[in-house]
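Notes follow the structure.
Okay, structure coming up:
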């Protein structure tokens, strides 16, 4: 008999009832160090008092009014995002998947309004993840996402990761945009080197097409910059943001230049919940903390410490791990052992990590994790690695 909750998840047998900073507390009282942060969502940790105050204060005033009216909290958050990014304008969604839907629509509408309606194709990269909507799975193209869901939404092509010759070949007079993640998350924590990001921007400029960046997982301070594209010194035309921007409250956004957004006029897109007072009150509180040089410098410093300790972990367990990869506090351990075995051993050691493709486990802790918690986390990962190694013998 089918369960009352649709069984689309392979859930761990854990029931967390409380969170405190970098810790999750199971119903039986065990305390787990959280190196997943709700898959890069809880950037300020669990039950952060700043976010709790913002949420409860707004909840006592006004939760939701819809976008039929002016929403001051939404305007304030849009202003902060514009001030701290390449963007001229912002549309708020509830998720990264919804942000992908708008990014695709925006790119196509741009060319339609330019009198080139044939320019509908969007080129993505192998190993990508852009959400699970019809547009999202078509943009990513991987069999794991698309199998059983044919016919796929037309108008998408795919090229190998970092293969710019293949990208140039794929561009045609029907190409509207390229969509990429500066750091692939689900794809196995694969960062795009800065030189490649600059090369990609040049290819798009030479071809006269738009560049869409998916920073749903790698954005909002995760890499040590507010947005990952900043490391390469380039700017996209359209960018998807979600996860960390709400600090745990469902919130997403599409950021765009005035030019790229020029086709999106009244009535071309909408959202009932997107950008409501409650969500934007929390988003404003997140931005007030994360978008400061001091906070971002601290993320970079702690990421260096975590990476150093993880390199030691890999060296100590060459039969379990191959390498450390990633940037900032978006790191991955490429495994020799089966990555799910490492994840499960982590649960036994009371540390939560997240699996990804390419036999990788992801480490995406709250950006507020302390140095002592980093040391404790790696100590617990060491115990997990010992357990996996013993099971292999």
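In the numbering used here, the protein residues as written are 12 to 404.
Built from N, CA and C at the ideal position, the CB exists for glycine as well.
Given the structure is predicted, the values throughout are model-derived calculations rather than measurements.
What would DSSP say about residue i, mapped onto helix, strand or coil?
{"i": "residue 414", "result": "Here the chain covers residues 12 to 404 and nothing more, so residue 414 does not appear."}
{"i": "residue 289", "result": "helix"}
{"i": "residue 217", "result": "helix"}
{"i": "residue 374", "result": "strand"}
{"i": "residue 66", "result": "helix"}
{"i": "residue 301", "result": "helix"}
{"i": "residue 255", "result": "helix"}
{"i": "residue 117", "result": "helix"}
{"i": "residue 164", "result": "coil"}
{"i": "residue 345", "result": "strand"}
{"i": "residue 143", "result": "coil"}
{"i": "residue 362", "result": "strand"}
{"i": "residue 331", "result": "coil"}
{"i": "residue 225", "result": "strand"}
{"i": "residue 244", "result": "coil"}
{"i": "residue 97", "result": "coil"}
{"i": "residue 263", "result": "strand"}
{"i": "residue 338", "result": "strand"}
{"i": "residue 138", "result": "coil"}
With distance defined between alpha-carbon atoms, name the residue in the options nearest to residue i.
{"i": "residue 313", "options": "143, 265, 379, 361", "result": "379"}
{"i": "residue 172", "options": "202, 362, 163", "result": "202"}
{"i": "residue 285", "options": "13, 397, 191, 75", "result": "75"}
{"i": "residue 191", "options": "86, 140, 391", "result": "140"}
{"i": "residue 156", "options": "138, 168, 229", "result": "138"}
{"i": "residue 69", "options": "238, 167, 296", "result": "296"}
{"i": "residue 195", "options": "188, 187, 204", "result": "204"}
{"i": "residue 64", "options": "294, 372, 347", "result": "294"}
{"i": "residue 386", "options": "120, 321, 236, 373", "result": "321"}
{"i": "residue 134", "options": "347, 126, 119", "result": "119"}
{"i": "residue 349", "options": "372, 154, 169", "result": "372"}
{"i": "residue 87", "options": "325, 298, 110", "result": "298"}
Identify the continuous alpha helix (DSSP H) that holds residue i and give its terminal residues.
{"i": "residue 233", "result": "Segment: none, residue 233 is in no alpha helix (DSSP H) and carries neither H nor E."}
{"i": "residue 277", "result": "Neither: residue 277 is in no alpha helix (DSSP H) and is coded neither H nor E."}
{"i": "residue 93", "result": "83-94"}
At least one CB of chain B closer than 8 Å to the CB of residue i: is that the case?
{"i": "residue 38", "result": "Structure shown: chain B not included; a single protein chain is present."}
Got a sec, what are the start and stop residues for the beta strand (DSSP E) residue i sits in?
{"i": "residue 400", "result": "Looking at the DSSP string, residue 400 is not in any beta strand (DSSP E); the run it does join, the alpha helix (DSSP H), is 382-403."}
{"i": "residue 13", "result": "First-last for residue 13: undefined, no H or E at that position."}
{"i": "residue 104", "result": "100-104"}
{"i": "residue 368", "result": "Counting along the chain, residue 368 falls outside any beta strand (DSSP E), and DSSP gives it neither H nor E."}
{"i": "residue 406", "result": "The first residue shown for the chain is 12 and the last is 404, placing residue 406 beyond what the model contains."}
{"i": "residue 131", "result": "Residue 131 -> no beta strand (DSSP E), and no H or E assigned at all."}
Report yes if the C-beta of residue i is less than 7 Å from at least one heavy atom of the ligand NAP; otherwise report no.
{"i": "residue 141", "result": "This structure lacks the ligand NAP, and indeed carries no ligand of any kind."}
Would you call the region 245-253 and the region 336-350 touching, i.e. three or more CB-CB distances under 8 Å?
Not touching, per the Cβ criterion.
Inter-stretch contact (C-beta, 8 Å, three-pair minimum) for the region 251-270 and the region 347-367:
Of all C-beta pairs linking the region 251-270 to the region 347-367, fewer than three are shorter than 8 Å, placing the two stretches out of contact.
Runs of beta strand (DSSP E) lying entirely within the region 21-74, each at least 3 residues, in chain order
The DSSP assignment places 27-31, 34-37, 42-45 as complete runs of the beta strand (DSSP E) inside the region 21-74, in order along the chain (cut-off: 3 residues).
Suppose only complete runs of 4+ residues qualify. What are the alpha helix (DSSP H) ranges in the region 171-208, listed by chain order?
The alpha helix (DSSP H) runs of length 4 or more contained entirely in the region 171-208 are, from start to end of the chain, 175-181.
Touch check for the region 255-273 and the region 37-54: three-plus C-beta pairs under 8 Å?
Contact holds between the region 255-273 and the region 37-54, because three or more Cβ pairs, one in each stretch, are under 8 Å apart.
Flag this pair as touching only if the region 262-277 and the region 79-99 have three or more C-beta atom pairs under 8 Å; answer yes or no.
Taking 8 Å as the limit for Cβ pairs, the verdict is that the region 79-99 does touch the region 262-277.
Answer yes if the region 221-232 comes into contact with the region 299-311, meaning at least three C-beta pairs across the two stretches below 8 Å, and no otherwise.
The region 299-311, when compared against the region 221-232, does touch it at the 8 Å Cβ threshold.
Count the C-beta pairs between the region 281-295 and the region 74-91 that are closer than 8 Å, then say yes if the count reaches three, no if not.
Yes, the region 281-295 touches the region 74-91.
Please confirm if the region 380-395 is in contact with the region 37-47, defined as three or more CB-CB distances below 8 Å between the two stretches.
These segments touch.
Is there contact between the region 330-337 and the region 13-23, where contact requires at least three CB pairs shorter than 8 Å?
At 8 Å Cβ cutoff, the stretches do not touch.
Could you check whether the region 347-354 touches the region 141-148, counting it as contact only if at least three pairs of C-beta atoms, one from each stretch, sit closer than 8 Å?
Between the region 347-354 and the region 141-148 there are fewer than three inter-stretch CB-CB distances shorter than 8 Å, so the stretches are not counted as touching.
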